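In our numbering, the protein residues as written are 115 to 192.
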């Protein structure tokens with residue numbers, strides 16, 4: 115389980131970095147877009163932001179699980 119958790123954490127870290135980068139680019143060009151595109155672009159930014167938040171929560175939860183296991187000496191919950 116720990117190996118799969120570590121693999122998932124690694125993948126999440128990569129996905130989070132990509133989403134943050136994409137979000138940064140999207141926000142930087144938002145002001146330069148034509149008005150007829152801005153609404154769609156804003157909704158896309160919102161979707162990406164929500165996905166990013168979900169991934170960050172999952173990443174945090176995986177970190178918490180790992181810390182709990184380490185504090186218990188690697189023992190799983192009864």
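The beta carbon of each residue, even a glycine, is placed where N, CA and C say it ideally should be. These figures come from a predicted structure and were not determined experimentally.
- Contact check for residue 176 and residue 123: beta-carbon distance about 5 Å, within the 8 Å limit, so the pair qualifies.
- With a beta-carbon spacing of about 13 Å, residue 121 and residue 173 fall beyond the 8 Å limit used to define contacts.
- Residue 155 sits away from residue 167, with the two beta carbons spaced by 8 Å or more.
- In this structure, DSSP gives residue 122 a helical state, which the three-state scheme calls helix.
- Excluding sequence positions up to five before and after residue 169, its CB lies within less than 8 Å of the CB of 126, 129, 130 and 133, all in the same chain and listed in chain order.
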